[in-house]
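Take a look at the structure set out below.
Residue numbers (the working numbering), protein chains in the order written: chain E, 1 to 452; chain G, 1001 to 1484.
In structure tokens, the structure reads:
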């Protein structure tokens, strides 16, 4: 049987030691009427080589867009150096448990401490935790933390530019909290129109920049709105953009959250990735998730251990700051290796190449005629909405026919943008040749414009 | 050179590992971006050449104890072998580089894997509807409690706000109840370690929403009264939730649906062999009855004429708990594992997990006190009662085991046993590994008699000795201080 090493002889010897006659007897504590009478309705097992063949076939039913991909909308295809796979893939990291025994987990713990430092630096804030599940749940937990910090305030003000999955996750987490969630619309320029909803009853303001339409928000103004009203300000970030764009800390935010996938993690059909979470030192005791701290052993040697565990569910139980237990440690390790491999210069390079590709594509797309950018590319980072002369789904089919993955039909999330709006993303991996293939595919759609 | 420097201490200006090729389009026009949108101070990230980067993380990896190098009998965590094929599978380009928002016609392989995994988990639990969406067991618990909360609200029974939880439960149970807007209420364990039926009955009523039960329990015992418990909970109008953390003991032997369970979560990173990764990523699918299916989180995998696709628009759903469909990379690994096992293999897993646990129990029970000393399931709990007189605590025993090359068992949990040691060997360990562990445990027991100091001083073979964890709270240092 795969993965089981006990031989029939081993089993006999062990059963005798236990004092039972059969494996079946071990389960006599389960009342007979509750026992399964026949075999499970599951297919018979297969060998490793048969499975490998099956996997190759199943994978061939998927398209990984080897000719290029312009699909982002929350997950982005960036290059990561091979060291990321090789180092993260080490079995000593992959098959360890949460380092509750710090002496036996200094590897993971040290990497977490370095991760926390790098995430805090990236966000321009003082501290970070050792990761959350993903960007959406990190944002939801940040809002709950803000409500706990501001006590009686009941209103959460959220920009409509925040990723729809984040907004839906937030709604789920807040369902029974009594907190009221108000969505603030975007203006013609693609930026949030805050109006006067951020007032003395507001506990949290949540904005994403660049937002889901790719537009860079005026983050300093949003943070100031919250600060003036005594609310907690939260920015959801696209970490790669922070190689160039103003950090949440510089803009004056209290909390930064974000989807960590772009930091060295493949898109893998939506996960696993990790959520990043950074804030001020004074808020640490209200922060969700695992936190690693530096300390010493009796000989004065530096070491690291999980700390502030009294916030957590295994100690505080019903009164914990969150129910999070297992988080996304191994993906955070990937993020740490990626950030260390890039350094500030490398990250700036990735961000500016991504921006350069988007700016180049924007000019070329507008020169096709018939296609126009909804918001000027000068307002955007690496992603923007294109208004197509035909439904975006048709444009995507043309791009698909050329062996590439097209953009996201953003009207599905923002009906106000209409069915012809296409969200296109560019990264350092979008080569000039791929961009021109994209342009040709888009151009070919013009001939399909219905006459009259 | 000091090998224990942090990345920040190894950093030298001008070094780096990631360098992109020459840009094939005009350089970015930074001045075109909105005024004030650029970063003023670069992040202080380390500047490291590739070799130093490799050495740094290889050395760190050697400071971990892992399943790949050591016996890891961590109770309740099911530290079984993580098949390497599964790692290779996740690296196949057609799985690794696919985007969740792609045209579903170009995702049929991934969707088929998820669909088949749902069907297999439904067969194992007997519950009809499965969602793979939750990111971990605790998120699965939250999802299920939100399902229950929504169900009762829709049925006009909003007064059902109490979640009854045995005192031996994982801490995530009460924490999830609070997050779901419900109130946790503790139910006592009886002298046999099982749920105290009288206490449960006294707490059931018109305000009962859910009874959460871990079965087998964290004491490694099967709740023999589970069917009666379900009857009582159902008679009171409540739902039965089973924490499936310990499913490794019973899969293929018994199905939770036959216990009267209405909903449960599974931890793919425990029972279904996906790696723990130093604390995740996991996946916490939930399985529910057909009655509760409408409330499951979005998206759901559905089939129509053009094949499988993800439906994000589910009218009565509790909503989303995270982005996209789920931790596909984890789901894929679990799928591979279950394909290898098949129906018979699944049953063999439970049998051998239970056999290995009982073998350790009988071999250790003379040296260590086993408070509930009967045939156990996949794990058992002992403690330091026999060693306490020598001033030896459970922590000392655990730390000494590290020096002997084993990862310690789970300690100080469950809370219902004083100074508990919870031991779960899993089915993947060989008898000679168990024998070596037994020998070492017996030696530790002898040392506790003869030389307790040795235990208090442990571990002494690790990169650092026992750490001052109190200091990490009193004087928190949560990041590298660059002014040092």
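In this text, a Cβ means the ideal position worked out from N, Cα and C, and glycines have one as well.
Here the structure is a predicted model, which is why all the values come from computation and not from measurement.
| query | result |
| --- | --- |
| Residue 306 of chain E and residue 290 of chain E closer than 8 Å at C-beta | yes |
| Within chain G, the residues that residue 327 of chain E reaches when beta carbons sit closer than 9 Å | 1135, 1136, 1279, 1280, 1281 and 1282 |
| is_contact[residue 439 of chain E, chain G] using C-beta, thresh 8 Å | no |
| For residue 1443 of chain G and residue 1211 of chain G, the rounded distance between their alpha carbons | 42 Å |
| Other residues of its chain near residue 302 of chain E: CB distance less than 7 Å, five sequence neighbours each side excluded | 294 and 296 |
| Residue 396 of chain E - containing beta strand (DSSP E), residue span | No beta strand (DSSP E) contains residue 396 of chain E, which is instead part of the alpha helix (DSSP H) from 392 to 401. |
| Within 8 Å, strictly: CB atoms of residue 1376 of chain G and residue 1361 of chain G | yes |
| Where residue 19 of chain E falls: helix, strand or coil (DSSP) | coil |
| Alpha carbon of residue 1068 of chain G to alpha carbon of residue 91 of chain E, nearest angstrom | 6 Å |
| Residue 1051 of chain G, buried or exposed, once every other Cβ within 10 Å from all chains shown has been counted against 16 | exposed |
| Presumed contact (8 Å Cβ cut-off) between residue 284 of chain E and residue 258 of chain E, rounded CB distance | Not confirmed; about 19 Å, so no contact. |
| Simplified DSSP assignment, three categories, for residue 331 of chain E | helix |
| Cβ of residue 1306 of chain G within 8 Å of any chain C Cβ | Looking at the structure shown, chain C is missing, and the protein chains on hand are E and G. |
| DSSP state of residue 1162 of chain G mapped onto helix, strand, coil | strand |
| Within chain E, the residues that residue 1178 of chain G reaches when beta carbons sit closer than 9 Å | 317, 318, 319, 320 and 323 |
| Per-residue DSSP class, three states only, for residue 1001 of chain G | At residue 1001 of chain G the pLDDT is 46, less than 50, meaning the model places this residue with poor confidence; the figure from the coordinates comes in the next sentence. The answer is coil: DSSP assigns residue 1001 of chain G none of H, G, I, E or B. |
| Chain G within 8 Å of residue 182 of chain E, Cβ atoms only | no |
| Neighbour flag for residue 1428 of chain G against chain E, beta carbons, 8 Å | yes |
| Contact list for residue 1346 of chain G against chain E, beta-carbon separation under 7 Å | 40 and 42 |
| Within-8 Å CB hit, residue 1077 of chain G to chain E | yes |
| Residue range of the beta strand (DSSP E) that includes residue 258 of chain E | 255 to 259 |
| Through-space distance from residue 1218 of chain G to residue 1465 of chain G, alpha-carbon basis | 30 Å |
| Proximal residues, the region 364 to 388 of chain E versus chain G, C-beta separation under 7 Å | 378 and 379 |
| Chain G within 8 Å of residue 27 of chain E, Cβ atoms only | yes |
| Of the listed residues E:109, E:336 and E:191, nearest to residue 1047 of chain G (C-alpha basis) | E:336 |
| Short CB-CB distance (under 8 Å) between residue 1396 of chain G and chain E | no |
| Counterpart residues of residue 1369 of chain G in DSSP-defined beta bridges | G:1383 |
| Per DSSP, cross-strand counterpart(s) of residue 454 of chain E | Residue 454 of chain E falls outside the range modelled here, since chain E spans only 1 to 452, and no answer is possible. |
| The region 356 to 376 of chain E contacting the region 427 to 436 of chain E, beta-carbon criterion three pairs below 8 Å | yes |
| Residue 1186 of chain G: first and last residue of the uninterrupted alpha helix (DSSP H) it sits in | Where residue 1186 of chain G is concerned, there is no enclosing alpha helix (DSSP H), although the beta strand (DSSP E) it sits in stretches over 1183 to 1187. |
| For residue 1122 of chain G, the three-state DSSP class (helix, strand or coil) | helix |
| Short Cβ contact (8 Å threshold) for residue 1232 of chain G with residue 1263 of chain G | no |
| Limits of the unbroken beta strand (DSSP E) element including residue 1130 of chain G | 1129 to 1131 |
| Other residues of its chain near residue 145 of chain E: CB distance less than 6 Å, five sequence neighbours each side excluded | 286 |
| Contact the region 1193 to 1213 of chain G vs the region 1450 to 1459 of chain G: 3+ CB pairs below 8 Å | no |
| Identified DSSP bridge partners for residue 1101 of chain G | DSSP lists no partner for residue 1101 of chain G. |
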